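Numbering (the numbering used here), first residue to last: 9 to 465. In what follows, a single structure is set out as structure tokens and then discussed.
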């Protein structure tokens with residue numbers, strides 16, 4: 009049995025992202041002595057030729073595509089990736105008779121609709137290190153048959169790996185690590201899976217489950233040593249929030265310090281769990297920045313968004329970061345349930361006073377099924393009961409819908425360190441390439457002040 013792993017994710021904004029999920033699956037295949045190759049389309053100029061070459065030279069029995077995202081979740085200038093994925097599947101069909109299987113975090117959000125649209129053979133839910141291996145095992149035993157399946161979307165329960173230390177860390181050997189470092193400014197690593205929080209829009213609990221599963225700090229640092237050997241010395245921690253539980257975050261940092269690993273890294277963080285002690289140990293371990301999942305800086309909107317912290321917590325976290333000298337960014341979502349222009353102004357004014365390194369501000373919230381926001385949107389008539397969500401649907405409060413875009417365009421002119429992805433304000437492909445050409449590593453928001461020199465040039 010031979011498996012071709014395909015990463016069809018070619019988005020370059022804000023950066024090309026290393027396909028860590030597919031690298032995890034590659035490691036699982038290797039452990040189970042299943043022959044595999046990797047086809048990463050991120051830096052390929054002619055994808056059809058790349059596909060033809062891969063399938064003709066390897067002749068895979070199974071072609072497994074990992075979909076990281078469905079679209080860029082940005083309003084109003086959204087970009088859907090599904091049409092390209094469909095072209096990839098059609099091209100594979102043209103050159104191969106292998107079984108085409110779809111998986112990944114993006115697929116898990118809309119499995120039946122995506123599978124039907126892409127016209128692949130099967131879709132697999134659950135964590136691929138377990139689910140894909142089980143699927144291949146059943147193929148070997150001739151136990152997989154469309155006639156026997158009620159649906160081509162396969163869900164091997166429970167599909168969640170309870171002990172993450174039982175799976176090997178990602179196998180990066182067949183990926184172009186140097187290209188991701190040069191063009192994307194960093195690699196990535198995961199220290200846990202699962203999210204216990206209750207943000208109304210969040211898909212992490214849908215994809216990874218609500219129970220937090222931790223990796224041991226020792227195995228995390230073993231992986232960092234391998235990453236360093238690949239020539240990558242800057243990482244982004246892809247956890248939904250690195251700093252919860254705080255004890256685990258501190259333990260990871262202490263292990264990095266103990267081994268004297270020459271790594272720089274940044275992460276997402278929950279503003280409710282930022283302490284001077286934690287920031288000190290993160291800095292000592294090489295952390296360069298935190299992206300705080302703030303969403304709003306107004307008490308009503310924080311409650312409406314299901315956040316577990318207050319405006320005071322945001323102010324305290326900002327003070328701690330600013331005093332320590334670490335870069336920090338507030339990530340905001342404007343236009344959620346109950347948003348008015350008054351609450352928008354209150355959020356922006358409050359964040360400005362916190363004086364972050366940068367702010368990333370999304371307007372409108374991409375709605376996905378199985379979230380509280382989807383239920384709210386249906387109750388308000390924004391979506392119908394049969395919505396397939398393939399075309400992005402954004403929740404945007406009626407009270408701000410007609411005013412917020414021109415307001416933001418005016419606001420952004422006075423605040424050059426604020427990024428508005430949905431309007432391509434202070435972030436675009438031209439600026440991104442210029443910054444990376446200068447060898448800047450880490451998230452682009454950490455370099456917003458430098459980026460100001462290049463805007464418009």
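In this text, a Cβ means the ideal position worked out from N, Cα and C, and glycines have one as well. Just so it is clear, the structure is predicted and the values come from calculations on it, not from any experiment.
Report task. Note down, in chain order, each residue of its chain lying with its Cβ closer than 6 Å to the Cβ of residue 214, except the 5 sequence neighbours on either side. Result -> 378
Requested in this report: Leaving out five residues on either side along the sequence, give the residues of the same chain with a beta carbon under 8 Å from the beta carbon of residue 47.
Outcome: 12, 13, 14, 15, 58, 59 and 62
Requested in this report: Report yes if the C-beta distance between residue 307 and residue 289 is below 7 Å; otherwise report no.
Outcome: no
Report task. Would you decide whether residue 181 is buried or exposed? Buried here means 16 or more other CB atoms lie within 10 Å of its CB. Result -> exposed
Query raised in the report: Between the C-alpha atoms of residue 156 and residue 149, what's the straight-line distance to the nearest angstrom?
Result: Confidence is the limiting factor: at residue 156 the pLDDT is only 45, short of 50, which leaves the residue's position unreliable, though a coordinate-based value still follows. Approximately 14 Å between the Cα atoms of the pair.
Report task. Tell me where the beta strand (DSSP E) around residue 329 begins and ends. Result -> Residue 329 -> not in any beta strand (DSSP E); alpha helix (DSSP H) instead, spanning 319 to 332.
Query raised in the report: Under a three-way DSSP split, which group does residue 3 fall into?
Result: The structure shown does not extend to residue 3, since the chain is modelled only from 9 through 465, so no value can be given for it.
Query raised in the report: Quick one: Cα of residue 154 to Cα of residue 145, how far?
Result: Residue confidence is low: residue 154 scores 48 on pLDDT, short of 50, so the model does not pin down where it sits. No coordinate-derived value is stated.
Requested in this report: Go ahead and label residue 91 buried or exposed: buried means 16 or more other beta carbons lie within 10 angstroms of its beta carbon, across all protein chains shown.
Outcome: Exposed, because fewer than 16 other Cβ atoms sit within 10 Å of the Cβ of residue 91.
**Report entry** Close-in-space but distant-in-sequence residues of the same chain around residue 231 (CB under 8 Å, 5 per side omitted)
**Finding:** 177, 178 and 197
Requested in this report: Could you check what DSSP says for residue 274 in three-state terms: helix, strand or coil?
Outcome: The DSSP-derived three-state label of residue 274 is strand.
Requested in this report: Whole angstroms is fine: what's the gap from residue 32's alpha carbon to residue 72's?
Outcome: 13 Å
Query raised in the report: Along the chain, where does the beta strand (DSSP E) that runs through residue 161 open and close?
Result: 161 to 163
Report task. Look at the alpha carbon of residue 69 and the alpha carbon of residue 49, and state the distance between them as a whole number of angstroms. Result -> 20 Å
**Report entry** Assigned secondary structure, residue 20 (DSSP; H/G/I helix, E/B strand, else coil)
**Finding:** Secondary structure of residue 20 (DSSP, three-state): coil.
Query raised in the report: Which first and last residues belong to the alpha helix (DSSP H) in which residue 254 is found?
Result: 254 to 267
Report task. Sort out for me which residues DSSP pairs residue 303 with in a bridge. Result -> 340
Requested in this report: Using the Cα positions of residue 115 and residue 344, report the straight-line distance between them to the nearest angstrom.
Outcome: 25 Å
**Report entry** Three-state secondary structure (DSSP) of residue 419
**Finding:** helix
Requested in this report: Report yes or no: do the stretch 383 to 402 and the stretch 78 to 90 share at least 3 C-beta pairs separated by less than 8 Å?
Outcome: yes
Requested in this report: Would you decide whether residue 119 is buried or exposed? Buried here means 16 or more other CB atoms lie within 10 Å of its CB.
Outcome: When all chains shown are included, residue 119 counts as buried.
**Report entry** Whether residue 229 touches residue 267 by CB criterion (7 Å)
**Finding:** yes
Query raised in the report: Taking the beta strand (DSSP E) that residue 130 falls in, what are its first and last residues?
Result: 130 to 133
Query raised in the report: How far does the alpha helix (DSSP H) with residue 72 in it reach, from first residue to last?
Result: Residue 72 -> not in any alpha helix (DSSP H); beta strand (DSSP E) instead, spanning 70 to 74.
**Report entry** Distance between residue 194 and residue 444 (C-alpha atoms, nearest Å)
**Finding:** 11 Å
Requested in this report: Please check the pair residue 368 and residue 340, which I expect to be a contact at CB under 8 Å, by giving their CB distance rounded to whole angstroms.
Outcome: Contact holds; Cβ gap of about 7 Å.
Requested in this report: Might you give, ordered along the chain, the residues of its own chain that have their beta carbon closer than 6 Å to the beta carbon of residue 136, omitting 5 neighbours on each side?
Outcome: Taken in chain order, the residues that qualify are 33 and 111.
**Report entry** Distance between residue 436 and residue 337 (C-alpha atoms, nearest Å)
**Finding:** If you take the alpha carbons of residue 337 and residue 436, they lie about 18 Å apart.
Query raised in the report: Can you find at least 3 beta carbon pairs, one from the stretch 324 to 333 and one from the stretch 208 to 225, that sit closer than 8 Å?
Result: no
Query raised in the report: Which residues share a DSSP beta bridge with residue 428?
Result: 433
Query raised in the report: Should residue 335 and residue 454 be called a contact, given that it needs their Cβ atoms to be closer than 7 Å?
Result: yes
**Report entry** alpha helix (DSSP H) segments (min. 4 residues) lying fully within the stretch 178 to 214
**Finding:** 185 to 192
Query raised in the report: Since residue 367 is in the beta strand (DSSP E), which residue starts that stretch and which ends it?
Result: 366 to 371
Query - Residues near residue 419 in its chain [Cβ-Cβ closer than 7 Å; skip 5 each side] - result: 356
Query - Beta-carbon proximity check, residue 284 vs residue 322, cutoff 7 Å - result: no
Report task. Can you tell me which of the three DSSP states residue 26 falls into? Result -> coil
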